[in-house]
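> Once you've had a glance at the structure underneath, I'll fire off some questions.
Residue numbers (full-length UniProt numbering): 1 to 335.
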């Protein structure tokens with residue numbers, strides 16, 4: 001029987017994914033995990049709700065670009081961390097190996113690498129296979145994590161959470177136009193950008209659902225041990241998303257479909273992308289288009305053997321329809 005986890009170390013707790021993980025951990029009362037939240041030194045990080053039990057949270061302000069393995073290991077050992085979760089993103093994800101080394105040194109038993117998505121090799125017409133640099137780094141970090149010496153020796157186990165594109169990413173109005181806060185942009189309705197086939201179905205997730213699934217995996221360590229667990233909230237096309245957005249928002253919705261041939265050059269020359277696209281995302285525009293390409297090709301989904309929603313029935317997903325219904329009900333918002 002796998003021992004129950006008590007203390008969770010969360011790296012990147014101030015990021016978009018990390019905040020969602022943090023919220024799910026704090027809201028979990030059975031068990032009531034103790035949480036060591038690693039955030040960047042200049043972060044204004046704080047718990048979202050005043051009702052949150054702050055007594056279970058220890059915040060560590062650490063610059064991972066300067067920290068040593070010994071320093072991190074000491075913090076983890078002193079805090080008696082059972083699990084280390086990496087929610088690192090951007091350039092700092094390259095420090096994930098350092099985090100795992102420190103976790104192994106401190107005797108941490110379980111490691112969750114920063115996956116939280118689905119990376120893809122892209123095949124475009126008359127073009128060689130293409131791997132976006134963001135996915136390239138993610139894949140390399142993922143491979144290093146699951147083949148870490150501590151994993152090989154058995155002193156540490158791993159759990160990987162694979163989800164999909166998120167439809168509740170509040171900082172990404174290009175990806176989620178229904179979350180645009182600039183009313184000048186949405187006064188005439190919403191525009192959903194897609195590439196290729198708008199009727200191609202894809203896996204779709206919410207960060208809230210994904211982190212609930214992650215917490216459920218922590219509550220059942222024997223089930224999640226050394227597993228790559230795939231999760232989705234919905235399986236849907238952009239045309240269906242547009243129809244639902246039109247229904248629940250009461251506003252016009254324009255589905256702007258770009259042929260694949262017209263976007264092939266943008267990954268090679270991102271500056272050629274429309275300016276209005278570039279301002280509305282924290283991701284490079286070529287990444288947005290690369291993702292939209294694979295979604296429009298109908299390959300952005302996991303087959304049943306790679307989906308594990310059934311393992312943790314307590315993590316009930318919210319479909320796009322349910323999400324929009326609540327988002328637009330009486331002007332209320334999920335966030």
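In this text, a Cβ means the ideal position worked out from N, Cα and C, and glycines have one as well.
Which value, in whole angstroms, describes the spacing of the CA atoms of residue 339 and residue 1?
Nothing about residue 339 can be reported from this structure: the residues present for the chain run from 1 to 335 only.
> Unbroken alpha helix (DSSP H) runs of length 4 or more, entirely within the region 113–200: which are they?
Runs found: 133–146, 149–153 and 183–186.
> Spell out whether any CB of chain D is found under 8 Å from the CB atom of residue 230.
Structure shown: chain D not included; a single protein chain is present.
> Name the residue from 188, 207, 112 and 26 whose alpha carbon lies nearest to the alpha carbon of residue 320.
The residue you call residue 320 lines up with position 320 of the chain shown. Closest option to residue 320, Cα to Cα, is 207.
> Since residue 266 and residue 289 should fall inside the 8 Å C-beta cutoff, what is the C-beta to C-beta distance between them, to a whole number of angstroms?
Counting from 1 along the chain shown, the entry for residue 266 is found at position 266. Counting from 1 along the chain shown, the entry for residue 289 is found at position 289. Yes, residue 266 and residue 289 are in contact; Cβ-Cβ is about 5 Å, under 8 Å.
> Tell me the rounded alpha-carbon separation between residue 108 and residue 79.
Walking along the chain shown from the start, residue 108 turns up at place 108. Walking along the chain shown from the start, residue 79 turns up at place 79. About 10 Å.
> Determine the burial state of residue 100: buried for a count of at least 16 other Cβ atoms within 10 Å of its Cβ, exposed for fewer.
Taking the chain shown and counting its residues from 1, one reaches residue 100 at position 100. Per the 10 Å Cβ criterion, buried.
> What is the residue span of the beta strand (DSSP E) that residue 235 lies within?
If you number the chain shown from 1, residue 235 lands on position 235. Looking at the DSSP string, the run of the beta strand (DSSP E) that includes residue 235 is 234–237.
> Tell me whether residue 23 is buried or exposed, calling it buried when 16 or more other Cβ atoms sit within 10 Å of its Cβ.
The count along the chain shown starts at 1 and reaches residue 23 at position 23. Its Cβ being crowded by 16 or more others within 10 Å, residue 23 is buried.
> Just the Cα atoms here: how many angstroms apart are residue 111 and residue 316?
Residue 111 sits at position 111 when you count from the first residue of the chain shown. Residue 316 sits at position 316 when you count from the first residue of the chain shown. Approximately 24 Å, taken between the alpha carbons.
> Closer than 6 Å by C-beta to residue 12: which residues in its own chain qualify, once you throw out the five before and the five after it? Chain order, please.
For the purposes of this step, residue 12 is identified with residue 12 of the chain shown, where counting begins at 1. Cβ within range, chain order: 18, 87 and 88.
> Buried or exposed for residue 44, going by 16 or more other Cβ atoms inside 10 Å?
By one-based count along the chain shown, residue 44 stands at place 44. Exposed, by the Cβ-count rule.
> By the DSSP assignment, the alpha helix (DSSP H) with residue 72 in it spans what residues?
Numbered from its first residue, the chain shown carries residue 72 at position 72. Its alpha helix (DSSP H) spans residues 69–78.
> Contact defined as beta carbons within less than 8 Å: I believe residue 198 pairs with residue 257. What is the distance between those atoms, to the nearest angstrom?
Counting from 1 along the chain shown, the entry for residue 198 is found at position 198. Counting from 1 along the chain shown, the entry for residue 257 is found at position 257. That pair is a contact at about 5 Å.
> Can you tell me whether residue 95 is helix, strand or coil according to DSSP?
On the chain shown, position 95 is the one that residue 95 refers to. Helix at residue 95.
> Which residues in the same chain have their Cβ closer than 8 Å to the Cβ of residue 60, if we skip the five residues on either side of it in sequence?
The residue labelled residue 60 in the question sits at position 60 within the chain shown. Correct list, in chain order: 36, 37, 38, 39 and 75.
> If you follow the alpha helix (DSSP H) that residue 268 is part of, which residue opens it and which one closes it?
Locating residue 268 in the chain shown gives position 268, counting from the first residue. Segment: none, residue 268 is in no alpha helix (DSSP H) and carries neither H nor E.
> Would you list the one or two residues that DSSP bridges to residue 61?
For the purposes of this step, residue 61 is taken as residue 61 along the chain shown, with counting starting at 1. 39.
> Suppose the cutoff is 8 Å on Cβ atoms and the five residues either side in sequence are ignored; what does the same chain contact list for residue 113 look like?
As a first step, residue 113 must be located in the chain shown, where it is residue number 113. Once the five neighbours on either side are set aside, the close Cβ partners of residue 113 are 86, 96, 100, 141, 142, 145, 146, 158 and 160.
> Are the Cβ atoms of residue 31 and residue 4 separated by less than 8 Å?
Within the chain shown, residue 31 is the residue found at index 31, counting from 1. Within the chain shown, residue 4 is the residue found at index 4, counting from 1. For residue 31 and residue 4, yes; Cβs fall inside 8 Å.
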